[in-house]
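Since the structure comes first, as structure tokens, the remarks are kept for the end.
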Amino acid sequence: MTAATMQVSQKDFEKAQEQLKLLKNDPGNETKLKLYALFKQATEGPCNSPKPGMLDFVKKAKWDAWNSLGNLSQDGARQEYTKLVSSLISAESAGQKKDTSPEESSHGGYETLIVTTSNNITKIMFNRPEKKNAINHKMYREIIKALQEAAKDDSTIAVFTGNGEYYTSGNDLSNFSNAQPSEMGKVAKDGAELLKAFVGTFIDFPKPLIAVVNGPAIGISVTLLGLFDVVYASDKATFHTPFSHLGQSPEGCSSYTFPKIMGTAKANEMLLFNKKLTAAEACALGLVSEVFPDSTFQKEVWARLKAYASLPKNALAVSKQLLRNLEKEKLHAVNSQECEVLTERWLSDECLNAIVSFFQRKSKL
Ligand SMILES: CCCCCC/C=C/C(=O)SCCNC(=O)CCNC(=O)[C@H](O)C(C)(C)COP(=O)(O)OP(=O)(O)OC[C@H]1O[C@@H](n2cnc3c(N)ncnc32)[C@H](O)[C@@H]1OP(=O)(O)O
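Rendered as structure tokens:
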């Protein structure tokens with residue numbers, strides 16, 4: 001790295017510290033800890049203070065966060081800090097654009113999502129861009145809540161999309177890695193219960209449900225697409241279900257919906273053998289309704305959705321329910337069975353090793 005780029009990086013780092021002070025919304029404890037750790041690493045280098053006592057929770061959490069950065073260089077920490085602040089600023093300004101539109105209303109009380117309603121559309125945006133929108137337990141619960149509210153609000157359709165570069169990178173693997181070995185049985189059982197309720201909410205959702213897949217989609221965010229009514233994708237999107245790679249098994253009712261949508265042979269390539277599809281391939285197989293060039297994606301898709309959402313609301317809802325009711329019972333049965341199998345998978349060495357590898361950065365997709 002040259003002296004000139006180092007200087008720019010230091011300048012950007014200082015600017016990021018100023019920008020951070022201007023954030024209006026609390027970014028949440030997880031992000032604050034990450035910012036603290038990166039700041040300490042950037043300014044002081046690797047963690048050099050003694051480990052605080054177990055009962056000093058706040059100091060211990062801060063120490064753990066700093067210590068977890070290991071030997072990350074000061075320059076690397078400055079870059080990551082700057083990147084994280086920039087993603088927080090863009091997430092907040094995406095959230096604030098709603099204030100400028102008189103018809104757009106924001107639904108408060110979410111930490112991992114941005115939920116807004118305008119033009120008869122309730123938009124639910126995954127909002128952990130610094131983690132590629134990975135779905136942690138909080139986000140699973142908030143999505144259930146957002147869908148339950150959208151089912152009852154005045155909107156005609158509900159739309160999922162991602163903030164930043166990714167649609168979502170699927171299940172947050174730290175949902176499992178943070179548990180002690182002795183707690184794993186309970187963690188797996190609770191995880192399966194949460195997953196069953198989560199997927200069940202998609203099965204039962206009474207209005208047309210649309211996915212606007214703005215970038216790569218992984219794991220459960222892909223399998224769930226089989227329960228959506230329409231899926232629009234940017235040509236930058238990819239679709240990846242790396243279950244075997246992770247020692248896991250399919251969920252989101254995909255063991256039933258995928259063979260039905262694309263035929264058994266193609267579904268097996270995805271669900272058994274981790275085949276990643278481009279947006280064009282996913283469209284050819286019927287998982288995606290239409291693909292748009294990334295440069296015009298947002299403009300074209302939202303214009304189209306605005307037109308759909310002006311159609312008679314009740315007619316759309318009863319038509320969706322007619323189509324869904326034919327299969328509802330079957331889908332709930334498939335969901336239960338998939339969750340049962342996954343409970344065992346999560347306790348397997350194959351799965352635990354894959355998660356450890358990810359966090360040791362030996363294994364990336
Ligand atoms: C209630 C439980 C229900 C469980 C349901 C079962 C669901 C199963 C699935 O969804 S399986 C799919 C799981 N997802 C993955 O395996 C993806 C893992 N992530 C990756 O392989 C990569 O991060 C990547 C390809 C998405 C992006 O790579 P890259 O561009 O190099 O970025 P980073 O890896 O540096 O990522 C930035 C930052 O985000 C963190 N992160 C990204 N994805 C996840 C994730 N799925 N879980 C946890 N953390 C994730 C990553 O660790 C980095 O964090 P850091 O900056 O190091 O703190």
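Reminder that position 110 of the sequence shown reads as 110 in the UniProt record's numbering, one-by-one numbering, no gaps.
Don't be surprised by glycine CBs; every beta carbon is placed ideally from N, CA and C.
With contacts defined by Cβ atoms closer than 8 angstroms, Thr122 and Ala158 form a contacting pair. Taking 8 angstroms as the cut-off, the Cβ atoms of Val115 and Asn335 do not count as close. Only residues of its own chain outside the window of five on either side were considered, and among them Pro129, Glu130, Gly164 have a CB closer than 7 angstroms to the CB of Ser87, listed in chain order. Counting C-beta atoms within 10 angstroms of its own C-beta, Lys207 has 16 or more neighbours from the protein chains shown and is therefore classed as buried. When C-alpha distances from Ser249 are compared across Ala284, Arg345, Leu113, the shortest belongs to Arg345. In its chain, beyond the 5 residues on either side, Phe239, Val288 have a beta carbon closer than 6 angstroms to the beta carbon of Ala282.
No heavy atom of ligand 1 is found nearer than 7 angstroms to the CB of Ser254.
Taking non-hydrogen atoms of ligand 1 into account, the C-beta of Ile218 is found less than 7 angstroms away from one of them. Distances from the CB of Tyr140 to the heavy atoms of ligand 1 include at least one below 7 angstroms.
The criterion of a C-beta distance shorter than 8 angstroms is not satisfied by Thr201 and Leu113. Note on geometry: alpha-carbon atoms of Ala42 and Thr31 lie some 16 angstroms from one another. Only residues of its own chain outside the window of five on either side were considered, and among them His245, Leu246, Gly247, Ser363 have a CB closer than 7 angstroms to the CB of Ala354, listed in chain order.
Shown here, Ala77 sits in a helix according to DSSP, grouped into three states. Excluding its 5 nearest sequence neighbours in each direction, Val341 has C-beta neighbours in its own chain below 7 angstroms: Ser249, listed in chain order. Inter-segment contact for the stretch 44-59 and the stretch 22-36 is absent: fewer than three beta-carbon pairs are separated by less than 8 angstroms. CA-to-CA, the gap between Ser254 and Leu84 works out to about 34 angstroms. Residue environment: Leu331 is assigned as buried (16 or more neighbouring CB atoms within 10 Å of its CB, all protein chains considered). Assigned with DSSP and collapsed to three states, Gly226 falls in helix. Nearest neighbour of Ala37 by Cα position, chosen from Glu18, Val58, Gln19, turns out to be Val58. Contact holds between the stretch 164-173 and the stretch 211-230, because three or more Cβ pairs, one in each stretch, are under 8 angstroms apart. Contact between the stretch 321-329 and the stretch 294-301 is absent, with fewer than three C-beta pairs closer than 8 angstroms. A direct Cα-Cα distance of roughly 21 angstroms separates Ser182 from Phe358. Rounded to whole angstroms, the separation of the alpha carbons of Pro259 and Ala188 is 27 angstroms. In the three-state reduction of the DSSP assignment, Ala317 falls in the helix class. Leaving aside the five residues that flank Ser9 on each side, the residues in its chain whose CB is nearer than 7 angstroms to its CB run, in chain order, Asp75, Arg78, Gln79. By the neighbour-count criterion, in which a residue is buried when 16 or more other Cβ atoms sit within 10 angstroms of its Cβ, Asn127 is buried.
Cβ contact annotation for Cys339 (same chain, cutoff 6 angstroms, sequence separation greater than five): Ala192, Leu195, Lys196, in chain order. Taking 7 angstroms as the cut-off, the C-beta of Lys132 counts as close to a heavy atom of ligand 1. Spanning the alpha carbons of Ala307 and Ile210 requires a straight line of approximately 13 angstroms.
Distance check between Met262 and each of Ala309, Ser177, Leu272, Leu285 places Leu285 closest, using alpha-carbon atoms only. For the 8 angstroms CB-CB criterion, Glu103 and Ser118 form a contact.
Within the same chain, Cys47, Ser49, Lys51, Pro52 come within 8 angstroms of Trp63 by CB-CB distance, once the 5 residues on both sides are set aside. One Cα belongs to Pro312, the other to Asp153, and the distance between them is close to 15 angstroms. For Tyr110, the CB contacts under 6 angstroms within the same chain, skipping 5 residues up- and downstream, are Glu142 in chain order. Thr82 is the residue among Glu269, Thr82, Ala265, Thr257 whose C-alpha sits nearest the C-alpha of Lys11.
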